[in-house]
Each structure stands twice: as C-alpha cells, then as structure tokens.
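Peer 1: Handing you a structure now.
Number of protein chains: 2
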Amino acid sequence: MKNAKSNFSEWYTEITKDAKLCDLRYNVKGFVVFMPWSVASMKKMYAIYERELERTGHKPAWFPALIPESNFHKESRHVEGFTPEVFWVEKAGDNVLEERLAMRPTSETAMYQMYSLWIQGKSDLPLKIYHQSQVWRYETKATRPFIRSREFYWIESHDAFSSLAEAEAQVHEDMEMSTNVIFEQFGVPFVFFERPQWDKFPGAVNTYAADCMMPDGRVLQLPSTHLLGQNFAKPFDVKFLNEKGESEYCYQTCYGPAISRIYAAIISVHGDDSGLVLPYELAPVQAIVVPIPKKGAEETVNAKAREIVALLSSSGIRAEADFSSNTPGFKYNHWEMQGVPFRVEIGAREAESGELTVVRRDNKAKSKVKQGELAAFVQKEAKAQISDMKKKALAEFEARMSKAETMEKLADELKKGKLVAVPFCSMGKEGAACADEVKAKTSGDVRGTRFGKEERAHGNCIVCGKKACAVAYVASQY
Amino acid sequence: MKNAKSNFSEWYTEITKDAKLCDLRYNVKGFVVFMPWSVASMKKMYAIYERELERTGHKPAWFPALIPESNFHKESRHVEGFTPEVFWVEKAGDNVLEERLAMRPTSETAMYQMYSLWIQGKSDLPLKIYHQSQVWRYETKATRPFIRSREFYWIESHDAFSSLAEAEAQVHEDMEMSTNVIFEQFGVPFVFFERPQWDKFPGAVNTYAADCMMPDGRVLQLPSTHLLGQNFAKPFDVKFLNEKGESEYCYQTCYGPAISRIYAAIISVHGDDSGLVLPYELAPVQAIVVPIPKKGAEETVNAKAREIVALLSSSGIRAEADFSSNTPGFKYNHWEMQGVPFRVEIGAREAESGELTVVRRDNKAKSKVKQGELAAFVQKEAKAQISDMKKKALAEFEARMSKAETMEKLADELKKGKLVAVPFCSMGKEGAACADEVKAKTSGDVRGTRFGKEERAHGNCIVCGKKACAVAYVASQY
C-alpha cells in the first residue's frame with residue numbers, strides 16, 4: 104500500500120479500493136457496490152448476529168420495503184426525524200399510486216401496525232422479532248463507503264413487553280449482545296453512551312449508542328438500542344389484556360446493528376500499513392498457501408501446496424493456494440493487504456521436509472510447523488491472534504480517553520483525537536444550548552453520559568458555568 | 104384444518120393463515136409480511152442455495168436496490184419487458200431527483216455496467232457473482248402469497264464467459280443445481296422447458312424454466328436460467344481482450360431462483376389434509392415433544408420431556424417441547440398443521456419405561472423407540488422420510504403427464520389438470536399465433552419443449568395443421 108495508516112483518510116480510501124471491498128463507480132450518488140471480499144465477511148457477521156438474536160429468543164420475519172406515508176405520520180417526532188431522508192415512490196409503471204410510499208429508512212412504522220394485530224393477551228408477550236434488511240436514507244452528510252451511504256445493510260430487532268422493567272432489561276441485553284459480538288468476536292472496543300435528550304432516536308424515550316474510535320480520533324456510532332416506552336404503542340395501538348382483563352399499552356424497544364458500518368470499524372481499527380487485518384472468524388480465506396517455485400521442483404512444490412490446502416480444508420479451515428504467475432513477494436504483499444490471518448509458505452525445502460513456514464498476519468510472527476501439526480497450530484494461533492488484536496485495540500482505545508475542565512483544554516484534547524470527559528450542566532433539553540456552543544467553538548459533539556458507570560460530576564459546566572450535574576463525553580464524530 | 108387439500112385454493116389460503124406463514128393485512132396492496140415460521144425455513148433454503156452457488160464457483164456481492172432509468176434503456180427488449188412493472192423513485196426528501204430511479208425488478212442493468220469495469224482480460228473470466236436480494240414488480244396479475252407478490256425474495260446469479268460454449272455449459276449447471284436443490288433436497292419434482300421464443304426473458308437468447316405442478320393441476324414456474332449470449336454485453340460494453348489481443352464481447356447467463364415461490368411449491372406439493380409437511384432440513388422445529396400429563400405424574404412427565412429435548416438438541420436436532428396448557432390432542436393437530444417432521448409423545452408410562460412413541464408427520468407411522476436410540480432413529484427416519492416424500496411427489500407429478508393430438512382432447516386433458524404434450528408447428532416467433540389460439544380455446548399456455556430430451560414430433564400441428572416440428576407442452580399456469 105502507498106498510504107500509511109497514520110494518514111487514515113487516504114489509507115481508508117486506498118484500502119477499500121485496492122482490496123476490492125467496494126466499487127464507488129455505481130451511477131447513483133451515495134450508493135456503492137459491495138464486492139465479494141467484503142460481502143463474504145459481512146455475511147459471516149450477519150450469521151453471528153442472527154445466532155445471538157435467536158439465542159436471546161428472537162424470531163426472524165421479513166417486512167415490506169415500502170411503507171405508506173400515513174404510517175409515518177402516526178408518531179410525530181418520528182415523521183419529523185425521518186421524512187427529510189426518505190426516498191419516495193409515487194408511481195408504478197404508468198400509474199400514479201393513491202398514496203405515496205416510503206422506501207423504509209427503518210421499520211418501526213411498518214412493523215408496529217402488525218404488532219397491534221398480533222398481540223392480544225399476555226401469552227403473546229414478549230414478542231421479539233428481528234429482520235435482516237437494507238434501509239435507504241437520503242443522507243445529506245458526506246457519504247463514505249461502509250461508514251455512511253444512502254443504502255446500508257443492517258439487522259433490526261423490535262421487541263414488545265408487558266412491563267417497563269422488561270423493556271429496560273431488553274436494552275441491557277442488547278448492549279451485552281453488542282459487547283459479545285463486536286468486542287469479543289470482532290475485537291472492536293467501544294463504550295455505550297446514554298445519548299442526550301436532544302440527540303435521541305426520533306420517538307424514543309432514551310437512546311443508548313455504542314461509540315468506537317476510528318484511527319483519526321473521531322468516534323463512529325455502532326449499534327444503538329432504544330427504549331421506546333409506550334411512545335409508539337399508543338399511536339400504533341399495540342395493546343394487551345393484562346391479568347385484570349384491562350387493556351394496556353405494550354412497552355417497546357428496538358435495536359439496529361448496521362453490519363456495513365461495523366465492518367468499517369473492524370477494518371479501520373485492526374488494519375495496518377500493509378492493509379487489512381481481518382478477524383479469523385470473518386476472513387473469507389483464513390490461510391493462504393503460497394508456493395515458492397524452484398526450477399525443476401515446480402511440480403513437487405505445487406503438489407505439496409494442493410495437499411496442504413486439502414489438509415487445512417478437511418479441518419474446517421478456509422484455505423486457498425495462490426498459483427498465479429506473480430512472484431512470491433507480490434503474493435505476500437497482496438494477501439497481507441487482503442488481511443488473510445495466516446500465510447503458509449512452501450518452497451522446495453519445505454515440500455521435502457514437510458516442515459512449513461507459517462506467518463501470522465497481525466504481528467507477522469513466523470513459525471516453523473510440521474505438516475501433521477499444521478491445522479492444530481492454525482486453530483490454536485487463531486485464538487491467540489484475536490486475543491492479541493483485542494488487547495492492542497483496547498490499549499489504543501483507552502489511550503484516547505481524556506478529560507477537560509475548560510473549553511481551551513477540551514479544544515486541545517479534541518485536536519489530539521481524544522474522547523473527552525467534561526463537567527456539564529444538563530443532559531435534558533436545557534443542555535442543548537451548551538452542546539451547541541461546544542460544537543461551535545471546538546467542533547466537538549456531546550455524545551452523552553457513560554452507561555452503566557456511575558460518574559459523579561464535580562465543579563461547573565464547562566460551557567455555562569452552572570453547577571455541573573453530569574459527566575458528559577465530547578468527541579469529533581463521523 | 105377445515106379444508107381438504109383436494110380443495111386446493113381454499114386449503115392454500117387457510118394454511119398460509121392458520122400456520123402463520125404470512126400476514127396479508129399489511130397496508131400496501133400486493134405486499135405481505137412473511138412471518139417467522141416461513142422465514143425460518145426460507146432462510147435455510149437460502150443457505151442451501153448459497154452453498155451450491157459457492158460450490159460452483161460463485162462469489163457473493165451486493166448491488167444497489169435503485170437503478171437509474173437510463174440503464175434500462177440500454178437493452179431495448181429489456182426496457183419493454185420490465186418498465187411497465189417498475190416502482191419509480193422520483194423524489195428524496197423534498198428534492199426532485201435529476202433522473203428517476205427504478206426499484207430493481209431484476210439486476211442485469213445494475214450489474215453489467217460494473218462488469219464492464221471489472222472485466223479486462225481473460226484472467227478476469229469467468230466472472231460468477233450471486234446476489235441474495237428482494238425485487239419489486241408492480242404485478243397486474245392477481246397476487247397470491249409466496250406464489251406471486253409485488254415484492255419477492257430471490258437469489259440471482261450473473262455469469263460472464265469468454266465463449267458461447269462455456270455460457271451454454273453454465274445454463275446446464277444451473278439446471279443441474281435446480282435438480283440438486285429443489286428435487287433432491289426439497290422433494291419437489293419439475294421438468295425444464297426451453298421456453299418458446301415469444302415467451303423468453305426480455306433480452307435473452309433462450310430461456311430455460313422449471314415447471315412444477317401444483318395440486319390443482321396448474322403449473323408453477325420455478326427457477327429459470329437464461330442464455331443471454333452477447334445481447335447485454337454489447338449495450339453494456341462487457342468486453343475482454345482475447346489471446347490475440349483483440350477486444351471481444353463476453354457471453355453471459357443469469358439464473359434466478361425465487362425462494363419465496365419455491366417455498367410455495369414445497370408446501371403445496373407435500374402438504375396434506377392435516378396441513379404442512381415440511382422437509383426435515385427446512386423445518387424450523389424438526390421434532391416436537393408432547394408431554395401427556397397424568398394426575399400426580401406431571402413433574403415426572405415434564406422432566407422427561409425436557410430431558411428428551413436436551414438429548415435431541417445435543418445431536419443437532421432442532422427439538423422443542425410443547426408445555427402449553429392445551430390438550431395433547433390439540434397439540435398433535437397443531438404441530439401436524441405446522442408440518443413438524445417428528446412428534447415424540449411422552450406419557451407417564453413412557454417417562455418410566457424410557458420407551459417413547461415417535462410419530463412421523465408424512466405417513467403418520469408410529470414407532471416405539473428406546474430413549475438411548477431416539478436421536479439415531481430420528482436421523483435415520485429423516486432420510487427415509489424425504490425419500491418417501493420425493494417418491495410420492497414424483498408419482499403424482501408423473502400421473503399429470505399426458506398427450507393429445509386434437510384440440511378437443513387437449514381441452515379435456517387440461518380440464519383434468521394435465522401437462523399435455525402436443526404436436527406443434529414452431530417454437531419460433533411463427534408459432535405465436537397458434538399458441539394464442541390454444542390460449543383462447545383452452546386457456547392453456549404453451550410452456551415450451553422438454554429440455555435435454557430429444558422428442559421427435561409426428562403428425563401435424565394441433566392448431567394450424569401444418570407439419571409439426573416440435574413436441575410442445577401445454578398446461579394451465581399460475
């Protein structure tokens with residue numbers, strides 16, 4: 104690669120192009136074509152998320168991509184928040200439709216009218232449904248492949264309960280799931296913030312969102328989970344009969360991991376100057392076998408390469424050999440750029456001795472491994488690899504945490520790419536003016552308060568000087 | 104169920120509603136909500152199809168849902184065939200778009216402009232890509248859930264080659280894949296027809312389509328594969344440099360199994376008067392454990408039921424127990440309707456003796472099985488079950504085959520729900536008038552000639568009396 108990762112923006116542009124992750128030349132603005140190397144990984148991410156959702160009692164359903172405009176108008180904040188971003192269908196063939204239809208920007212207004220029909224009594228609760236889908240939003244912010252585009256791939260789960268306590272527990276479960284998947288399995292560290300009241304999901308009571316840190320010191324929002332309370336249940340008439348025979352509105356939550364955006368975080372956090380470093384479980388190819396031809400021994404070397412691919416495959420390792428006419432050095436660079444976790448080098452000596460050279464992608468450590476032990480070695484090292492990747496990413500993330508008690512210090516820390524804790528007057532609507540001033544003076548955004556961590560505020564609001572009642576976190580954002 | 108399967112139309116309406124396969128009450132005409140019981144099976148169908156596509160060298164990609172109108176106009180027959188069915192997006196937020204965008208009715212015109220960028224030399228070929236997606240078509244025919252709706256779920260593969268021979272071989276591979284999946288694994292028999300020239304996919308050289316037989320004697324088209332030749336390569340400029348350094352147009356094929364429609368065929372072909380009969384591999388629950396409570400022994404029976412579920416699950420069998428307050432008889436009927444392949448009955452006697460009653464859904468055969476042998480029994484019987492289901496379905500399909508040499512006989516056979524071989528003048532455009540007359544007089548459709556079966560025509564065209572040059576098949580169609 105030409106660009107070092109310290110030059111993150113160029114690095115990102117280059118890697119998404121050169122590793123063939125996507126193609127920006129599609130002729131609709133803000134839309135990209137996702138290419139096989141990224142899609143193969145994102146399909147595995149979907150499978151992992153679906154397994155977690157099913158383990159926690161969710162069932163799959165498919166809701167229509169088109170939603171009548173009137174559905175949006177049922178929840179006033181929701182319509183306000185989303186209609187400016189909606190792609191509208193008004194015609195089909197030569198016919199003008201009676202009512203215009205929105206391409207779903209999110210599915211609350213498609214799903215909850217059905218929930219109202221499906222839920223009668225307590226035995227229908229909890230109702231926990233997930234939907235793997237694409238959504239479309241006419242973003243006016245600059246688009247960036249995987250990070251923000253007008254079409255993105257996500258999975259949304261929408262749950263309904265008979266009590267607020269259960270809904271609150273669901274929000275916790277969603278956050279735990281995010282940790283289990285995104286940190287534990289994909290190795291991307293983040294923190295959950297309770298978003299300020301002025302920055303909630305349109306229609307929610309509270310929004311909890313995971314922020315990870317990109318290498319340029321800007322935070323990227325990963326999944327958010329929303330406590331909807333009865334805000335949607337009322338307009339959509341989602342009710343159940345309680346034990347006393349009385350009709351009661353359900354309590355709802357929704358959760359939406361954007362697979363394409365989480366992929367952006369994975370490649371950004373783990374990548375290095377040589378290119379991608381993919382988590383073993385997500386890599387389309389987990390071990391690449393590179394034959395090093397020697398005059399006269401070509402067939403011996405190639406035969407051994409095929410044998411090793413078969414051997415690794417039979418242990419369930421996704422292995423391929425590169426028999427192209429490129430030089431070994433070119434192949435090393437190429438497969439390092441693609442982020443393949445293990446490289447197995449086979450020269451004439453290795454073919455004869457059966458002792459192979461194995462190189463780990465993340466730390467480039469070399470080992471000599473006997474053929475009979477190769478599969479077990481790869482599987483064991485794969486565990487060490489993701490563990491090391493997590494440790495490294497976590498250390499980098501923690502080094503980004505900082506604090507400030509003055510606007511000057513805050514501005515300095517933000518310039519250094521930090522996520523900065525500051526004393527703040529209020530996370531309610533009253534605090535919005537101070538957040539605006541932070542934005543105007545430092546271009547930092549108030550992300551909210553740390554969820555699940557009691558942090559007592561000391562001193563005065565960094566902006567207005569009133570007594571602080573919250574520790575707010577500020578960062579530059581994507 | 105109220106309706107017997109002999110009353111197919113009512114049976115189908117009832118089963119899709121009562122087994123909670125879909126909900127027709129969504130408020131956009133022609134769109135349905137696919138509910139968990141069907142989606143869980145369709146997700147497995149996708150996984151099976153994707154495995155086959157990857158096995159045959161296809162890679163996954165995701166193309167945008169929106170296609171600029173001008174892309175459609177590049178291939179004149181394609182634009183003619185599809186634009187009357189397109190949902191158009193002309194506005195986003197409050198902005199009128201510069202060019203209106205089609206919600207993809209199929210992806211040729213989105214994909215091939217990218218193929219033109221991706222393919223340079225022979226080393227880029229063959230290019231074999233699949234895309235799991237939904238498509239939208241403003242159908243004017245009556246919609247029927249799973250069978251025909253304005254949004255459907257499919258998987259499309261689009262392949263490019265350097266020679267016509269390879270493209271033709273791909274069409275064969277697609278047909279073999281259809282047999283491997285739809286007949287061998289899902290148990291639905293069909294035949295492949297080469298469609299008449301007047302009934303091709305818009306823009307194709309030839310269309311080969313699988314027709315299966317629904318219980319009311321009407322054929323339903325399952326996957327079709329299309330030899331596109333260079334018809335799209337030319338307008339979309341999909342070229343490669345051949346060995347002589349000359350620029351040549353690629354030869355293309357496309358294949359599109361509609362998962363939701365194949366699901367319709369599966370439930371229709373295998374279902375019976377008691378409801379669904381799901382193929383073992385596709386069933387969301389493969390074994391349902393029904394405890395039969397006896398006063399005083401409730402806890403023994405329930406504990407045994409839980410133990411049996413754990414035992415089956417540990418062997419990879421999707422098992423659940425029904426602990427609801429319904430009667431055993433109600434539960435038997437319910438799970439039979441849902442098509443669960445095996446039922447395990449546990450009463451007080453079974454709980455004590457450890458010898459359980461197992462009932463197969465397809466033939467309702469009962470067996471006594473010792474607890475220690477249960478998992479192996481289910482796995483073995485599962486193989487026998489799909490094999491028996493295939494045999495039964497194939498016998499029914501073959502009994503539908505018939506022939507006729509006069510229009511009177513043809514009309515009679517069609518009334519009996521047959522797929523009728525007739526002598527026919529021409530499958531080229533010249534034959535279209537005779538096909539129209541068949542339609543007008545018998546409401547039968549000419550489906551084409553049997554693919555891969557040399558059938559020599561004798562006598563004269565059943566319509567115009569000219570010398571027959573093809574054995575055409577006629578059927579009523581969905």
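Just so you know, the sequences run in chain order U and F.
Residue 138 in my numbering sits at position 35 of the first sequence, with consecutive numbering throughout.
Residue 186 in my numbering sits at position 83 of the second sequence, with consecutive numbering throughout.
C-beta: ideal position from N, C-alpha, C; glycine also.
(1) Hey, which unbroken runs of the alpha helix (DSSP H) at 4 residues or more fall wholly within the stretch 504-563 of chain F?
(2) Are three or more beta carbon pairs between the stretch 131-143 of chain U and the stretch 159-171 of chain F nearer than 8 Å?
(3) Spell out whether any CB of chain U is found under 8 Å from the CB atom of G196 of chain F.
(4) So, does the CB of F343 of chain F fall closer than 8 Å to a CB anywhere in chain U?
(5) Residue range of the alpha helix (DSSP H) that K483 of chain F falls in?
(6) Using CA coordinates, which residue listed in F:V404, F:L415 and F:G551 is at the minimum distance from F426 of chain F?
(7) Which whole runs of the beta strand (DSSP E) in the stretch 286-365 of chain U are 3 residues long or more, in chain order?
(8) Which of the three DSSP states is assigned to K108 of chain F in this structure?
(9) Going by DSSP, which residues form a beta bridge with Q235 of chain U?
(10) How many Å lie between I449 of chain F and S490 of chain F at the Cα?
(11) Where in the stretch 138-189 of chain U do unbroken runs of the alpha helix (DSSP H), each at least 4 residues long, occur, reported from the N-terminal end onward?
(12) For a cutoff of 8 Å on Cβ pairs, would you count R128 of chain U as touching chain F?
(13) Excluding the five sequence neighbours on either side, which residues of its own chain have a C-beta within less than 7 Å of the C-beta of C564 of chain U, listed in chain order?
(14) If you draw a straight line from the C-alpha of Q288 of chain U to the C-alpha of A424 of chain U, how long is it?
(15) Since I463 of chain U is in the beta strand (DSSP E), which residue starts that stretch and which ends it?
(16) Looking at the structure shown, is L385 of chain F part of a helix, part of a strand, or coil, going by DSSP?
(17) Terminal residues of the continuous beta strand (DSSP E) containing V443 of chain U?
(18) Using alpha carbons as the reference points, say which of U:D340, U:G359 and U:A543 lies closest to C353 of chain U.
(19) F426 of chain U CB to nearest chain F CB: under 8 Å?
(20) In angstroms, rounded to a whole number, what distance separates the CA positions of N198 of chain F and R247 of chain U?
(21) For chain U, is any of its Cβ atoms less than 8 Å away from the one on V380 of chain F?
(22) Say whether chain F places a C-beta atom closer than 8 Å to the C-beta of E172 of chain U.
(23) Quick one: grab the DSSP three-state call for K225 of chain U.
(24) With three or more C-beta pairs closer than 8 Å as the rule, is the stretch 239-256 of chain U touching the stretch 184-191 of chain U?
(25) Would you call F433 of chain U buried or exposed, if buried means 16 or more other Cβ atoms sit within 10 Å of its Cβ?
(26) Around the Cβ of K532 of chain U, are there at least 16 other Cβ atoms within 10 angstroms (buried) or fewer (exposed)?
(27) With a threshold of 8 Å between beta-carbons, can P360 of chain U be considered close to chain F, or not?
(28) Roughly how many whole angstroms lie between the Cα atoms of I365 of chain U and R463 of chain U?
(29) At a Cβ cut of 9 Å, what residues of the stretch 242-262 of chain U count as close to chain F, listed as they run along the chain?
(30) Closer than 8 Å, Cβ to any Cβ of chain U: which residues of the stretch 199-210 of chain F, in chain order?
(31) Can you name the start and end residues of the alpha helix (DSSP H) that R203 of chain F belongs to?
(32) Beta-carbon of V131 of chain U versus every beta-carbon of chain F: anything under 8 Å?
(33) Quick one: is N334 of chain F buried, meaning 16 or more other Cβ sit within 10 Å of its Cβ, or exposed?
(34) What's the gap between the Cα of Q324 of chain U and the Cα of V294 of chain U?
(35) As a quick exercise: from U:V393, U:L497, U:E508 and U:P444, pick the residue whose alpha carbon is nearest that of A454 of chain U.
(36) Just tell me which of F:H161, F:S141, F:A485 and F:S260 has its CA closest to the CA of W165 of chain U.
Peer 2: In short:
(1) Look at the stretch 504-563 of chain F and you find these whole runs of alpha helix (DSSP H), each 4 residues long or longer: 510-518 and 535-545.
(2) yes
(3) Locating residue 196 of chain F in the second sequence gives position 93, counting from the first residue. For G196 of chain F, the answer is yes, since a Cβ of chain U falls inside 8 Å of its Cβ.
(4) As a position in the second sequence, residue 343 of chain F is number 240, starting the count at 1. Using a CB distance cut-off of 8 Å, F343 of chain F does not count as an interface residue toward chain U.
(5) Position 380 of the second sequence, counted from the start, is the residue given in the question as residue 483 of chain F. That run of the alpha helix (DSSP H) goes L477 to A502.
(6) Taking the first residue of the second sequence as position 1, residue 426 of chain F is located at position 323. Ranking F:V404, F:L415 and F:G551 by Cα distance to F426 of chain F puts F:V404 first.
(7) 294-297, 309-316, 321-332, 342-344, 350-352 and 354-358
(8) Here residue 108 of chain F refers to the residue found at position 5 of the second sequence. Of the three classes helix, strand and coil, the one that applies to K108 of chain F here is coil, per DSSP.
(9) Counting from one through the first sequence, the residue named residue 235 of chain U turns up at place 132. Answer is U:I258, bridged to Q235 of chain U.
(10) Along the second sequence, read from residue 1 onward, the residue named residue 449 of chain F stands at position 346. Along the second sequence, read from residue 1 onward, the residue named residue 490 of chain F stands at position 387. Near 27 Å, if we compare the C-alpha coordinates of S490 of chain F and I449 of chain F.
(11) 139-158, 172-175 and 179-185
(12) Mapped onto the first sequence, residue 128 of chain U falls at position 25. For R128 of chain U, the answer is yes, since a Cβ of chain F falls inside 8 Å of its Cβ.
(13) For this step, residue 564 of chain U is matched to residue 461 along the first sequence. Hits under 7 Å: P526, F527, C528, C537 and A571.
(14) The count along the first sequence starts at 1 and reaches residue 288 of chain U at position 185. The count along the first sequence starts at 1 and reaches residue 424 of chain U at position 321. Rounded to the nearest angstrom, the two C-alpha atoms are 26 Å apart.
(15) Stepping through the first sequence from its first residue, residue 463 of chain U is reached at position 360. Per the sequence presented here, residue 463 of chain U reads as Arg, with Ile not at that position. From DSSP, the beta strand (DSSP E) with R463 of chain U extends over E458 to R463.
(16) The residue given as residue 385 of chain F occupies position 282 in the second sequence. If DSSP states are grouped into helix, strand and coil, L385 of chain F belongs with the helices.
(17) In the first sequence, residue 443 of chain U corresponds to position 340, counting from 1. First-last for V443 of chain U: undefined, no H or E at that position.
(18) For the purposes of this step, residue 353 of chain U is taken as the residue at position 250 of the first sequence. C353 of chain U has its Cα closest to that of U:D340, out of U:D340, U:G359 and U:A543.
(19) Start at 1 with the first residue of the first sequence, and residue 426 of chain U comes out as number 323. Residue-level contact check: F426 of chain U does not touch chain F, since none of the beta carbons of chain F fall below 8 Å from its beta carbon.
(20) Your numbering for residue 198 of chain F matches position 95 in the second sequence. Your numbering for residue 247 of chain U matches position 144 in the first sequence. N198 of chain F and R247 of chain U: Cα-Cα distance of roughly 21 Å.
(21) Locating residue 380 of chain F in the second sequence gives position 277, counting from the first residue. No, V380 of chain F lies away from the interface with chain U (no Cβ there is under 8 Å from its Cβ).
(22) Translated into the one-based positions of the first sequence, residue 172 of chain U becomes position 69. It does not: the Cβ of E172 of chain U has no partner Cβ on chain F nearer than 8 Å.
(23) Within the first sequence, the letter at position 122 stands for residue 225 of chain U. Reduced to three states, the DSSP call for K225 of chain U is helix.
(24) yes
(25) Here residue 433 of chain U refers to the residue found at position 330 when the first sequence is read from its first residue. Counting Cβ neighbours within 10 Å, F433 of chain U comes out exposed, since fewer than 16 surround it.
(26) Translated into positions along the first sequence, residue 532 of chain U becomes position 429. Exposed, by the Cβ-count rule.
(27) Along the first sequence, one-based indexing puts residue 360 of chain U at 257. False, the Cβ-Cβ gap to chain F never drops below 8 Å.
(28) Reading the first sequence from its first residue, position 262 is the one you call residue 365 of chain U. Reading the first sequence from its first residue, position 360 is the one you call residue 463 of chain U. Cα to Cα, the separation comes out at about 24 Å.
(29) T243, R253, E254 and Y256
(30) Those would be L204 and M206, in chain order.
(31) To locate residue 203 of chain F, count along the second sequence from 1; it is residue 100. Careful: R203 of chain F lies outside any alpha helix (DSSP H), inside the beta strand (DSSP E) at N198 to M206.
(32) Walking along the first sequence from the start, residue 131 of chain U turns up at place 28. Using beta-carbon distances, V131 of chain U counts as an interface residue toward chain F, with a partner under 8 Å.
(33) By 1-based counting over the second sequence, the position of residue 334 of chain F is 231. Classification for N334 of chain F: buried.
(34) Numbered from 1 along the first sequence, position 221 holds the residue referred to as residue 324 of chain U. Numbered from 1 along the first sequence, position 191 holds the residue referred to as residue 294 of chain U. If I take the Cα positions, the gap works out to 10 Å.
(35) Counted from its first residue, the first sequence places residue 454 of chain U at position 351. Among U:V393, U:L497, U:E508 and U:P444, the Cα nearest to that of A454 of chain U belongs to U:V393.
(36) Counted from its first residue, the first sequence places residue 165 of chain U at position 62. Taking only the C-alpha atoms, the option nearest W165 of chain U is F:S141.
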